[in-house]
Structures are given as structure tokens and as C-alpha cells.
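Have a look at the structure below before the remarks.
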């Protein structure tokens, strides 16, 4: 028979054992907290700036990956356990430790590519109303680029594929870039703008990589519009290249051709290119299937001159004696950029004279000044 004393002793022993277990667990918890804090400080030290920006290629196993750096070299590096493996996609931008090259994190898609993606609230504020004349060109580019992005089911119902790419060509200053900006303004698509010369990089292989980055960002940001200005800087007809620079430019062109074939109509990616020299472009780029539409932007005729003058002077304060029609009827061949420069120069002359209105003499002097600086006819003959 168990006495009360024995029961009391057993309970006291149980309490003492539980207390010792509690003290042990508290000590263990404190040790783990110290280890956690130490590990967090170590991760923070590893992630401390500056870090290198690299490109992820593939995972070797759970802890190691192959990455590339800006010097066109690849490395087998360790991946920190804190990095989310689901975010590691081929060709994505990653941050690397500056000494060990360990992969410490992922970066947004447009970081490290040299490409800027303009979202809906960042796109150009140029509308079709800001472009004087060019009614036919506006209609063509709307049918080729804008309608396929807005009315996606219309072309499928008819049973035809919308144009994949558009080439804008014509003399300098005729509104090619403004047309591309207006299309981006009137759609909800992301707008990616690059110059052809931007693809020519210092290190071999960086140019084709940038082309891949542009189209990868376009697919990830779909629906999107890719606008490549001055495409003739990288897309001239191919020839037997004797220098490394020429061969690199031709590799950029080959990558561009490959990327334009790499997306189908379901990706909602439209390509607009602009050039002053359509005659020197490579035929493989201008063939149907890549650039399906060629939209010419010629020098404005008399009607379009009148419309451009109206747009440029719509916000200007003019004297009643200003007769813009006299400038419209002159036989000189001027571009839209020249007309804008004439109006700006006339306004500057009024500011110089401390006047609040622009007089007819200001326009006359501005016209002579602008036409003296640049003869558009001689410029266009030079290109031919």
C-alpha cells in the first residue's frame, strides 16, 4: 500500500525532473536563437552591397547552379538556401557575391539587361492628334499593331493572322518615331524601346544576349510592343566580314531573325522597326512573316504641311497678321521636324524680343534660319 509520503516524494521527483527539462529546453532555445542570429548576420554580410549582377543558366543540383557574368564567362556557384528555387528561370538576372560568386538572390526581369519596359503609366503621351496629317499611315499602323492587341478575337473570327512586324521607313523627321509612340499610347501593352546601336556592346556575345533579353521581356510582359529605332545600324545586308566587329553585328542580326521566328501569334508581341535606309536592310528581315507591313512616311504634301502647322501652333499665341498659308504654299520640301523647328524658333524670337505674341516676321526669320541650317533635299539625296 502506497503511503502519502511516497506519493508526495514521487510527485516532487516528477516536478524536479520537469523543471530540469524546462531549464534544458530553455538553454537549448537560447542556443538556437544565438545560432539563428549568427546565421542571419552571416546571410546579411554575404548580401551586403556591392553585389555582382549575373545571368542564371541552369541548376546542377539542389545547391549548385551555372551562372554567367558580364565578361561572357560561366561559373559553377553555390546557391544560398534562402533563395527561392521557383524564381530561378533560365536567362533571369541574379545577384552574385563579389568574391565567391555565390548566388544570393534574384532580380527583377529588366535588371541587368539594359532594356527598359514602359508600363501603362509610363508610356509616351503622344497621341494621334499630335501628329499632323499622315492619315493613311495612322490607319495602316492601327490595323497592323493596335487592333490585334485590342480586338484579339476579330482576326481569329475572320481566319487570318495579324501582321507580326511593321517597318516604318522614310526621310528623317517625317514622324516615324512619333507614330510608334502614338500606338503605344493608345494601347494597354507594355512598350519596349531600343535603338539599333544599343545592341552593339563591348564584349563579344553581349549583343545577341541583349536581343534575347528584349524578346524575353516582351514575352513576359505580353501584350507588348517592341520598337527598334535605326534598325539599319545592325540589319544591313550581310557580306564577308573581315573584322570581329562586323562579325559580331552579323551575329546580332542572326539572333534578331531567330527571335522574330521564335514567337507565334498567341504571344501578343508586336515589333515595330524604323529606318531611313530601307534599301540596305537584309532581305531575310524584310520578308513577309517577319516584317509583314512596310509603311512609308514621305515628306508632307501641301495638305499635310497645313495640318502640321496647325498642330504645332495650336498652343501658341500668334499675332492676327500671321499667315501660315504662305509657308504652306512654298515649294521648299520640308519635313514635320523642320516645321516644328520653325515654330519653335519663331517662339524663341518672340521671347528674345520680350513680346507676348509671335509676329509674322518671327516666322519669316525662323523659316529662313531653319532652311539655311539644313536642306532636306540634299540630305535625302545623300542617302540615295
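Residue numbers (UniProt numbering): 1 to 384. Beta carbons: idealized from backbone N, C-alpha and C, even for Gly. As the structure is a prediction and not an experimental result, all values here were calculated from the model.
What are the boundary residues of the beta strand (DSSP E) that includes residue i?
i, result
"residue 165", "165-169"
"residue 76", "74-78"
"residue 69", "Run containing residue 69: none; DSSP gives neither H nor E here."
"residue 224", "224-229"
"residue 270", "269-275"
"residue 129", "Premise fails: residue 129 is in no beta strand (DSSP E) and is neither H nor E."
Note down the Cα distance separating residue i from residue j, rounded to an integer number of angstroms.
i, j, result
"residue 382", "residue 229", "Confidence at residue 382 is low in this model, with a pLDDT of 46, below 50, so its placement is unreliable and no value can be given for it."
"residue 178", "residue 249", "27 Å"
"residue 238", "residue 212", "20 Å"
"residue 207", "residue 253", "10 Å"
"residue 299", "residue 293", "19 Å"
"residue 215", "residue 35", "45 Å"
"residue 17", "residue 10", "11 Å"
"residue 343", "residue 199", "35 Å"
"residue 400", "residue 37", "The question about residue 400 has no answer here: the residues shown for the chain are numbered 1 through 384."
"residue 98", "residue 163", "46 Å"
"residue 258", "residue 105", "30 Å"
"residue 247", "residue 323", "55 Å"
"residue 13", "residue 65", "55 Å"
"residue 21", "residue 31", "15 Å"
I need the boundaries of the alpha helix (DSSP H) containing residue i, first residue and last residue.
i, result
"residue 201", "Here residue 201 belongs to no alpha helix (DSSP H), and DSSP marks it neither H nor E."
"residue 185", "176-185"
"residue 193", "Element bounds for residue 193: not the alpha helix (DSSP H) but the beta strand (DSSP E), 190-195."
"residue 140", "135-141"
"residue 105", "First-last for residue 105: 103-106, but that is the beta strand (DSSP E), not the alpha helix (DSSP H)."
Is it the case that the Cβ atoms of residue i and residue j are separated by a distance below 9 Å?
i, j, result
"residue 219", "residue 160", "no"
"residue 141", "residue 166", "yes"
"residue 297", "residue 168", "yes"
"residue 77", "residue 51", "no"
"residue 311", "residue 130", "yes"
"residue 69", "residue 75", "yes"
"residue 317", "residue 357", "yes"
"residue 362", "residue 341", "no"
"residue 308", "residue 336", "yes"
"residue 274", "residue 144", "no"
"residue 149", "residue 223", "yes"
"residue 95", "residue 54", "yes"
"residue 233", "residue 196", "yes"
So which of the options has the shortest CA-CA distance to residue i?
i, options, result
"residue 63", "79, 211, 74, 57", "79"
"residue 92", "102, 251, 86, 56", "56"
"residue 331", "22, 301, 316", "301"
"residue 171", "334, 350, 284", "334"
"residue 186", "138, 198, 201, 163", "138"
"residue 204", "73, 152, 336", "73"
"residue 182", "127, 234, 155", "127"
"residue 133", "7, 176, 125", "176"
"residue 261", "278, 286, 246", "286"
"residue 88", "58, 366, 226", "58"
"residue 321", "163, 364, 37, 194", "364"
"residue 371", "304, 313, 339", "339"
Assuming residue i contacts residue j under a Cβ cut-off of 8 Å, what Cβ separation, rounded to an integer in Å, is found between them?
i, j, result
"residue 236", "residue 272", "Contact flag wrong, Cβ pair sits at about 19 Å."
"residue 359", "residue 319", "5 Å"
"residue 158", "residue 189", "With a Cβ gap of about 21 Å, residue 158 and residue 189 do not count as contacting."
Of all the CB atoms in chain B, is at least one closer than 9 Å to the CB of residue i?
i, result
"residue 197", "This model lacks chain B altogether, as it is built from one protein chain only."
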